[in-house]
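Peer 1:
Structure (structure tokens):
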């Protein structure tokens with residue numbers, strides 16, 4: 063059974079607890095074990111890097127170092143956590159002086175950032191490690207006749223130089239998963255656009271308008287429901 067260090071994102075620990083509860087129900091059936099990283103901390107989101115680049119690097123080096131100490135790759139189920147931690151990893155790997163400064167601080171906890179653990183989204187694990195055929199074989203109640211609008215969200219696609227799994231213009235991994243579960247992914251323009259979550263606190267009306275546009279297009283295309291790999295997108299679209 064393949065094991066991964068599972069990063070506990072803030073949103074799944076608070077507003078979207080159903081995400082981790084559902085993952086607990088199926089992970090072993092698909093031959094993986096997500097070992098929860100109870101000692102990890104908030105990634106800082108997409109803003110900490112602008113406020114304090116050093117602390118941004120430190121908190122995320124610490125999270126990755128915990129996974130490295132476990133000897134496992136780090137897996138997340140939140141797009142923003144994915145982008146944030148991968149961004150920090152890229153900076154640490156490309157900046158030896160920053161890596162040394164961070165490791166001098168991590169020594170106090172008996173940790174060291176080496177850069178050996180990959181940082182991946184759970185969707186990528188489903189597609190690349192488990193595989194479409196294995197998922198199809200496990201389907202008990204197929205989503206036959208359902209028209210499903212895939213909503214990828216920004217931070218699993220962009221910036222592509224940090225993420226690099228899907229084509230940011232024409233992503234396919236979520237579509238593949240929907241098809242594996244028996245559903246019909248519908249093509250629509252908003253599948254790779256922003257949900258508006260990160261402007262919610264400073265521009266609520268504009269944020270809700272962004273979400274409304276995605277919902278309205280999905281309705282026009284006669285989608286039965288929207289599927290997203292990001293709990294932040296889910297929170298806005300469902301709210």
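Numbering (the working numbering), first residue to last: 63 to 301. Built from N, CA and C at the ideal position, the CB exists for glycine as well. Every value quoted in this text rests on a predicted model; they were computed, and no experiment measured them.
Report the CB separation of residue 92 from residue 196 in whole angstroms; it is logged as a contact under 8 Å.
Peer 2: For this step, residue 92 is matched to residue 30 along the chain shown. For this step, residue 196 is matched to residue 134 along the chain shown. Contact holds; Cβ gap of about 7 Å.
Peer 1: For residue 187 versus residue 151, is the C-beta spacing smaller than 7 Å?
Peer 2: For the purposes of this step, residue 187 is taken as residue 125 along the chain shown, with counting starting at 1. For the purposes of this step, residue 151 is taken as residue 89 along the chain shown, with counting starting at 1. Cβ distance not < 7 Å, so residue 187 and residue 151 don't count as in contact.
Peer 1: If you drop the 5 nearest sequence neighbours on each side, which residues of the same chain put their C-beta closer than 8 Å to that of residue 299?
Peer 2: Taking the first residue of the chain shown as 1, we reach residue 299 at position 237. The residues are 213, 257, 273, 276, 277, 288 and 290.
Peer 1: What's the gap between the Cα of residue 263 and the Cα of residue 109?
Peer 2: What you label residue 263 is simply residue 201 of the chain shown in a count that begins at 1. What you label residue 109 is simply residue 47 of the chain shown in a count that begins at 1. Taking the straight line from one Cα to the other gives about 13 Å.
Peer 1: Three or more C-beta pairs under 8 Å: does that hold for the region 202–211 against the region 239–248?
Peer 2: Result yes; three or more Cβ-Cβ pairs closer than 8 Å.
Peer 1: If I measure Cβ to Cβ from residue 193 and keep anything under 8 Å in the same chain, skipping five residues before and after, which residues do I get?
Peer 2: Residue numbering aside, residue 193 sits at position 131 when the chain shown is read from its first letter. No residues qualify anywhere along the chain.
Peer 1: Starting from the C-beta of residue 177, find all residues in its chain whose C-beta is less than 6 Å away, skip the five residues before and the five after it, and write them out in chain order.
Peer 2: Numbered from 1 along the chain shown, position 115 holds the residue referred to as residue 177. Correct list, in chain order: 155.
Peer 1: Taking only runs of the beta strand (DSSP E) that begin and end inside the region 64–151, which ones reach a length of at least 3 residues, in chain order?
Peer 2: The region 64–151 contains these whole beta strand (DSSP E) runs: 64–68, 94–98 and 136–138.
Peer 1: For residue 137, is the classification buried or exposed, using 16 other Cβ atoms within 10 angstroms of its Cβ as the cut-off for buried?
Peer 2: What you label residue 137 is simply residue 75 of the chain shown in a count that begins at 1. Residue 137 should be labelled buried.
Peer 1: Which residue marks the beginning of the beta strand (DSSP E) containing residue 181, and which one marks its end?
Peer 2: Translated into the one-based positions of the chain shown, residue 181 becomes position 119. Unbroken beta strand (DSSP E) run through residue 181: 181–183.
Peer 1: Applying the criterion that 16 or more other CB atoms from any shown protein chain within 10 Å of the CB defines a buried residue, is residue 215 buried or exposed?
Peer 2: Position 153 of the chain shown, counted from the first residue, corresponds to residue 215. Counting Cβ neighbours within 10 Å, residue 215 comes out buried, since at least 16 surround it.
Peer 1: In its own chain, which residues sit with a C-beta less than 7 Å from the C-beta of residue 98, not counting the 5 before and 5 after it?
Peer 2: Taking the chain shown and counting its residues from 1, one reaches residue 98 at position 36. Excluding sequence neighbours, residue 98 sits near 68 and 70.
Peer 1: Looking at the structure shown, is residue 209 part of a helix, part of a strand, or coil, going by DSSP?
Peer 2: Counting from one through the chain shown, the residue named residue 209 turns up at place 147. Residue 209: strand per DSSP, three-state reduction.
Peer 1: Give me the Cα-Cα distance between residue 198 and residue 189, rounded to the nearest whole angstrom.
Peer 2: Within the chain shown, numbered from 1, the residue matching residue 198 stands at position 136. Within the chain shown, numbered from 1, the residue matching residue 189 stands at position 127. Between residue 198 and residue 189, the C-alpha separation is close to 11 Å.
Peer 1: Apart from the five residues on each side of it in sequence, which residues of its chain come closer than 8 Å, Cβ to Cβ, to residue 268?
Peer 2: Mapped onto the chain shown, residue 268 falls at position 206. Closer than 8 Å at Cβ, skipping near neighbours: 258 and 261.
Peer 1: How long is the line joining the alpha carbons of residue 233 and residue 225, rounded to whole angstroms?
Peer 2: Numbered from its first residue, the chain shown carries residue 233 at position 171. Numbered from its first residue, the chain shown carries residue 225 at position 163. Distance between the alpha carbons of residue 233 and residue 225: 12 Å.
Peer 1: CA-CA distance, residue 118 and residue 236?
Peer 2: Position 56 of the chain shown, counted from the start, is the residue given in the question as residue 118. Position 174 of the chain shown, counted from the start, is the residue given in the question as residue 236. Those two C-alpha atoms are separated by around 29 Å.
Peer 1: Would you list the one or two residues that DSSP bridges to residue 289?
Peer 2: Reading the chain shown from its first residue, position 227 is the one you call residue 289. Its beta-bridge partners are 212.
Peer 1: Within 8 Å, do at least three Cβ pairs link the region 138–148 to the region 99–108?
Peer 2: Cβ pair count under 8 Å is three or more, so yes.
Peer 1: Who pairs with residue 247 in a beta bridge, going by DSSP?
Peer 2: Indexing the chain shown from 1 puts residue 247 at position 185. In the DSSP output, where bridge partners are listed per residue, residue 247 has 210.
Peer 1: Taking residue 230 as the reference, give the member of 211, 253 and 247 with the closest Cα.
Peer 2: Residue 230 sits at position 168 when you count from the first residue of the chain shown. Taking only the C-alpha atoms, the option nearest residue 230 is 253.
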